[in-house]
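Those letters in the sequence shown? Residues 4 to 333, by the numbering used here.
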Amino acid sequence: MNVLSALIAVLIVVAIAIVGFQIESLRGLIGVIVPYAAISAFLLGFIFRVFRWAGSAVPFRITTTCGQQKSLPWIKASWLESPYTRLGTIARMALEVLLFRSLFRNTRMELREGPRLVYGEEKLLWLAALAFHWSFLIIFLRHLRFFMEPVPAFVLTIHTLDGFFQIGTPELLLTNVFILGALGFLLLRRLQNPQVRFISLFTDYFALFLIIGLAVSGVWMRYFSKVDLLSIKEFAMGLVTFRPVTPPPVGILFYIHLLLLSALIAYFPFSKLMHMAGVFLSPTRNLANTNRMVRHVNPWNHPVKVHSYGEWEEEFHDKIKAAGLPLEKE
Ligand code: HEM
4 MNVLSALIAV LIVVAIAIVG FQIESLRGLI GVIVPYAAIS AFLLGFIFRV FRWAGSAVPF
64 RITTTCGQQK SLPWIKASWL ESPYTRLGTI ARMALEVLLF RSLFRNTRME LREGPRLVYG
124 EEKLLWLAAL AFHWSFLIIF LRHLRFFMEP VPAFVLTIHT LDGFFQIGTP ELLLTNVFIL
184 GALGFLLLRR LQNPQVRFIS LFTDYFALFL IIGLAVSGVW MRYFSKVDLL SIKEFAMGLV
244 TFRPVTPPPV GILFYIHLLL LSALIAYFPF SKLMHMAGVF LSPTRNLANT NRMVRHVNPW
304 NHPVKVHSYG EWEEEFHDKI KAAGLPLEKE
């Protein structure tokens, strides 16, 4: 049911783009007003959520660890698995963000005949996630050629490396193969695996379908329908320089591509896609585990009037002595 409603929601976005393309007076709305509104929603929503996270109390060091923490000098500590320095914390975070290290260790559970509970590796999920995220980033960077003049050298270099195999004209870009393969795998996994299907929500499918639509329409434009890139660049430059022009009539696919992207951008801050920012703000990852090296006192602790054993013993000193009980301070 969730999968169907998400698919319908994305098809509605596509249908709006098609109608917007057919009716000339609506082209400005699809190509200018909607993208600006989407970017505004993205920026405001993103800042709002980051500020809300940043303002939430973190009274304790709750670092997640899977190694020996730093304590006595003769016990070997693991600087990466239980980082106790800023450098160790940054290194662990970098490996997590760039290589999805914790996902690499992810395991799969299956109930086999018997019944027998079996645990196995889940490396394909890691590989697909890595392929998808890196391809998305590279495609995003390559798209800067539409928004910058002159095009920076690094964008051209990325493009050349991506088309390294020089197969066909226009040359096949590796990221296009990877992103479509990875997205296909991620969708099939959600649909095929009963446990994953059970926990999948509308929002999981919606984001996935939006990105699939974006990638498929882009690939279609590049290899099959061949759009006029010069007029698209003019339009894109107008958007970023705040001198917008109506999108050129380069074909329905470009309108679909643009509207799917606008929907994705506007939806981003309200969805789980915010894990992009959340990973950096997660106290289980961004804090060093110094719990045994340093005494951490919760800064919000209410001042409590304490009555120590020493004070108690002093108060009842005579009575304790008279009862013949041992005293710490004679
Ligand atoms: C992060 C957002 C975006 C994603 C993930 C995305 C995805 C893609 C993909 C996968 C392709 C296939 C070819 C390639 O990889 O270059 C493509 C092509 C294309 N995209 Fe995007 N796109 C995005 C944003 C945009 C924007 C904002 C524009 C509008 C200026 C745009 C316009 C185009 C055009 C014109 C093509 C055809 C390129 C060619 O023929 O070489 N895309 N897009």
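Backbone N, C-alpha and C define an ideal beta-carbon position, used for all residues, glycine too.
- Per DSSP, reduced to three states, the secondary structure at L98 is helical.
- T110 sits away from S85, with the two beta carbons spaced by 8 Å or more.
- At a threshold of 7 Å, I161 does not count as near the ligand HEM, since its beta carbon sits no closer than that to any of the ligand's heavy atoms.
- For Y87, the three-state secondary structure derived from DSSP is coil.
- A distance below 7 Å between beta-carbons, with the five flanking residues on each side excluded, links E152 to the following residues of its chain, in chain order: M240.
- In this structure, N292 has its CB at a distance of at least 7 Å from all heavy atoms of the ligand HEM.
- Proximity of the beta carbon of M151 to the ligand HEM is not indicated: no heavy atom of the ligand is located closer than 7 Å.
- The residue among G171, A156 and L175 with its C-alpha nearest the C-alpha of D165 is L175.
- Relative to the ligand HEM, M224 has its C-beta within less than 7 Å of a heavy atom.
- Counting only residues of its own chain and dropping the five nearest sequence neighbours on each side, G254 has a CB closer than 7 Å to the CB of S228 and V230.
- For M240, the enclosing alpha helix (DSSP H) covers residues L232 to V243.
- DSSP, read as helix, strand or coil, puts G123 in strand.
- In the three-state reduction of the DSSP assignment, M4 falls in the coil class.
- In the three-state reduction of the DSSP assignment, L75 falls in the coil class, being assigned neither a helical nor a strand state.
- With a minimum length of 4 residues, the unbroken runs of alpha helix (DSSP H) contained wholly in the region 118-192 fall at 126-145, 147-150 and 156-165.
- In this structure, the straight-line span from the alpha carbon of M4 to that of L190 is close to 15 Å.
- Membership of E314 in the alpha helix (DSSP H) is indicated by the continuous run Y312 to E318.
- Three or more beta-carbon pairs separated by less than 8 Å link the region 297-315 to the region 49-66, which places the two stretches in contact.
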